[in-house]
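Comments concern the structure below.
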Amino acid sequence: DREEPNYFGAGPAQLPTNVLQQAAMDLINYNDVGLGIGEISHRSKDATEVINSSKEDLRKLLAVPETHEVFYMQGGGTTGFSSLATNLMTAYVGATGTTAPGGYLVTGSWSQKAEEEAARLRLSTEIIFDSRKFDANGKYGNIPEESQWSDKIKGKKYSYVYLCENETVHGVEFPSLPKCLQDRDDIEIVADLSSDILSRKVDISKYGVIMAGAQKNIGLAGLTLYIIKKSILENISKAETNDALLAKLNVPVTPIAFDYPIVVKNNSAYNTIPIFTLRIMDLVFQNLLKHGGVEHQQKENERKANILYTALDACPDFYNLPVDPKCRSKMNVVFTLKKEGLDELFLKEAAALKLTGLKGHRSVGGFRASIYNAVSVQSVEKLAKFATEFAKEHS
Ligand code: PMP
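The letter at position 173 of the sequence shown is residue 177 when you use UniProt numbering, and the numbering goes up by one with no holes.
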């Protein structure tokens, strides 16, 4: 057992204690079979049940339509950057017989890294916008209005358009999917939801692919979740029957463990799936289902973000919030102190109150409070109270 933590780390992140308690028992003796869930074959009946149950639970939570498939792969967000690029380009070849660039909306370091990886794999990419170009200081911290970039995509073809819905490092979150992308039936939207999946409702039918590493809102590192339109899987398989064409078009072959149709055909167990990690994910899903689903979680997340931003905004001479209020993340609250020399003291005094994990990303500095699903309203209230008192004392 443990005292309830007030942990604001960006990932790996806090998980519900009741989930971990159940998982700890499952690790030793699963369903009374006399072995732990991590010790049995990934093709056994018990493991297959974990895979199927987690898929069903996720489908319920996000109302995944029949047009879309759910699957899992080893790895994390970074493996997603590579596999999305090659699979989606292959799918485009299957659908059209030719290639087109992958379009990227760059709003922070994770979408930037995703674009760089696609380019590194020698795939054609186009940065539709880089939000730093729209910022007075040349930094990430906003998302330009659609009217400022929608003309760029008019009449253009893309194998897919990629965005990161929540930029974990910079604390920038798309309030909603850009309408100009939704309006284009010929564009597959590919989205990284690693740090905001299941934090709010999303309309799955609008997406070509959703990718999410597990270690923030849904589980431990090592496993990545995908929700993909079935027609994309069919297009990949179709293109893969014509290797000569893929070679002629210089489309890289996807490594076999990351080939989406192969993984799906094998119910996410083409190779050894980390089944204990998936069991934790499913326990998180079941926990959410028991507590009002995504709708309830979204309300709670809005409440938490509101408490914290309100407290910080109330001290404008003391705290600097670099992100445009229109796209402030509800998961990662980024802020700095206006006065120099107090950062260490802020962390020390917070830690004395058992408020931990607040140090900002090394590339940004300052502070970041990650308030994922498992972080309670009480934890956020404690942090807000501390921030208010710290400002009062040191102003
Ligand atoms: N995308 C986002 C939004 C992330 O926050 C992260 C990691 N924090 C990644 C991708 C990369 O994930 P991984 O470290 O699992 O490769």
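Note that CB positions come from ideal geometry on N, CA and C, so glycine has one too.
Proximity test, Gln219 beta-carbon vs the ligand PMP heavy atom, cut-off 8 Å: Counted from its first residue, the sequence shown places residue 219 at position 215. Yes.
Glu215 and Leu237 closer than 9 Å at C-beta: Position 211 of the sequence shown, counting from 1, holds the residue named residue 215. Position 233 of the sequence shown, counting from 1, holds the residue named residue 237. Residue identity check: residue 215 is Met in the sequence provided, not Glu. Contact flag unset, no.
Cut-off 6 Å between Cβ atoms - residues of its own chain near Tyr156, not counting five sequence neighbours on either side: By 1-based counting over the sequence shown, the position of residue 156 is 152. Per the sequence presented here, residue 156 reads as Lys, with Tyr not at that position. Around Lys156: Ile132.
Given Phe178 as reference, the closest of Asp328, Gly40, Leu88 and Asp187 once Cα atoms are compared: Along the sequence shown, one-based indexing puts residue 178 at 174. For the residues Asp328, Gly40, Leu88 and Asp187, the minimum Cα distance to Phe178 belongs to Asp328.
Within-9 Å CB hit, Tyr264 to chain B: Of the protein chains in the structure, only one exists, and it is not chain B.
Status (buried if at least 16 other CB within 10 Å, exposed otherwise) for Gln25: Along the sequence shown, read from residue 1 onward, the residue named residue 25 stands at position 21. It is exposed - the Cβ of Gln25 has fewer than 16 other Cβ atoms within 10 Å.
Stretch pair the segment 277-289 + the segment 76-84: three plus CB contacts closer than 8 Å: yes
Contact set for Ser199: own chain, Cβ-Cβ below 6 Å, skip 5 residues either direction: On the sequence shown, position 195 is the one that residue 199 refers to. Taken in chain order, the residues that qualify are Asn170, Thr172, Lys220 and Met335.
The ligand PMP heavy atom lying under 8 Å from the CB of Glu171: Along the sequence shown, read from residue 1 onward, the residue named residue 171 stands at position 167. The answer is yes for Glu171.
From Asn324, His72, Glu393 and Val23, residue whose alpha carbon lies closest to that of Pro265: By one-based count along the sequence shown, residue 265 stands at place 261. The shortest C-alpha separation from Pro265 is found at His72.
First through last residue of the beta strand (DSSP E) which encompasses Ser203: Position 199 of the sequence shown, counted from the start, is the residue given in the question as residue 203. No beta strand (DSSP E) contains Ser203, which DSSP labels as neither H nor E.
Buried or exposed by the 16-neighbour rule on C-beta atoms within 10 Å, applied to residue 4: Given that the chain is displayed from residue 5 to residue 399, the structure contains no residue 4 and the question cannot be resolved.
Nearest residue (CA-CA) to Gly106, options Leu253, Pro20, Gly145 and Val194: Counting from one through the sequence shown, the residue named residue 106 turns up at place 102. Considering only alpha carbons, the answer is Val194.
Three-state class that DSSP yields for Thr360 in the structure shown: Taking the sequence shown and counting its residues from 1, the one referred to as residue 360 is at position 356. Looking at Thr360 - three-state DSSP - the assignment turns out to be strand.
Three-state class that DSSP yields for Leu197 in the structure shown: Counting from 1 along the sequence shown, the entry for residue 197 is found at position 193. Three-state result, Leu197: coil.
Beta-carbon gap between Val298 and Val338 smaller than 9 Å: Counting from 1 along the sequence shown, the entry for residue 298 is found at position 294. Counting from 1 along the sequence shown, the entry for residue 338 is found at position 334. No, the Cβ-Cβ distance between Val298 and Val338 is not below 9 Å.
Check whether Leu66 and Val267 have beta carbons under 9 Å apart: Counting from one through the sequence shown, the residue named residue 66 turns up at place 62. Counting from one through the sequence shown, the residue named residue 267 turns up at place 263. Not a contact, by the Cβ cut-off of 9 Å.
Between the CA atoms of Thr52 and Gly38 - distance to the nearest angstrom: Along the sequence shown, read from residue 1 onward, the residue named residue 38 stands at position 34. Along the sequence shown, read from residue 1 onward, the residue named residue 52 stands at position 48. Spanning the two alpha carbons is a distance of roughly 18 Å.
Proximity of Glu130 and Tyr162 at Cβ, strictly below 9 Å: Locating residue 130 in the sequence shown gives position 126, counting from the first residue. Locating residue 162 in the sequence shown gives position 158, counting from the first residue. Cβ distance < 9 Å, so Glu130 and Tyr162 count as in contact.
Asp189, DSSP secondary structure in three states: Indexing the sequence shown from 1 puts residue 189 at position 185. Reduced to three states, the DSSP call for Asp189 is coil.
Ala14 CB to nearest heavy atom of the ligand SAH below 8 Å: With respect to the ligand SAH, the structure offers nothing, as its ligand set consists of the ligand PMP.
DSSP-derived helix/strand/coil call for Thr276: Here the question's residue 276 lines up with position 272 in the sequence shown. Three-state result, Thr276: coil.
Helix, strand or coil at Ser58 according to DSSP, with G and I counted as helix: Taking the first residue of the sequence shown as 1, we reach residue 58 at position 54. Reduced to three states, the DSSP call for Ser58 is helix.
Residue(s) in a DSSP beta bridge with Asp134: For the purposes of this step, residue 134 is taken as residue 130 along the sequence shown, with counting starting at 1. Answer is Val110.
Alpha-carbon spacing of Leu227 relative to Asn377, whole angstroms: On the sequence shown, residue 227 is found 223 positions in, with the first residue counted as 1. On the sequence shown, residue 377 is found 373 positions in, with the first residue counted as 1. So the two alpha carbons sit approximately 18 Å from each other.
Cβ-Cβ separation, Leu88 to Val255 (assumed contact under 8 Å), whole Å: The count along the sequence shown starts at 1 and reaches residue 255 at position 251. The count along the sequence shown starts at 1 and reaches residue 88 at position 84. About 14 Å; that fails the 8 Å criterion.
Runs of beta strand (DSSP E) lying entirely within the segment 214-260, each at least 3 residues, in chain order: 227-233
Cβ-Cβ separation, Leu282 to Val74 (assumed contact under 8 Å), whole Å: In the sequence shown, counting from the first residue as 1, residue 74 sits at position 70. In the sequence shown, counting from the first residue as 1, residue 282 sits at position 278. Val74 to Leu282, Cβ: 12 Å. No contact.
Three-state secondary structure (DSSP) of Gln26: Here the question's residue 26 lines up with position 22 in the sequence shown. Residue state, collapsed to three classes: helix.
Sequence-distant residues of the same chain with beta carbon closer than 7 Å to Lys358, five excluded per side: By 1-based counting over the sequence shown, the position of residue 358 is 354. Taken in chain order, the residues that qualify are Asn10.
Three-way DSSP call (helix, strand, coil) for Val327 in this model: Counting from 1 along the sequence shown, the entry for residue 327 is found at position 323. Of the three classes helix, strand and coil, the one that applies to Val327 here is coil, per DSSP.
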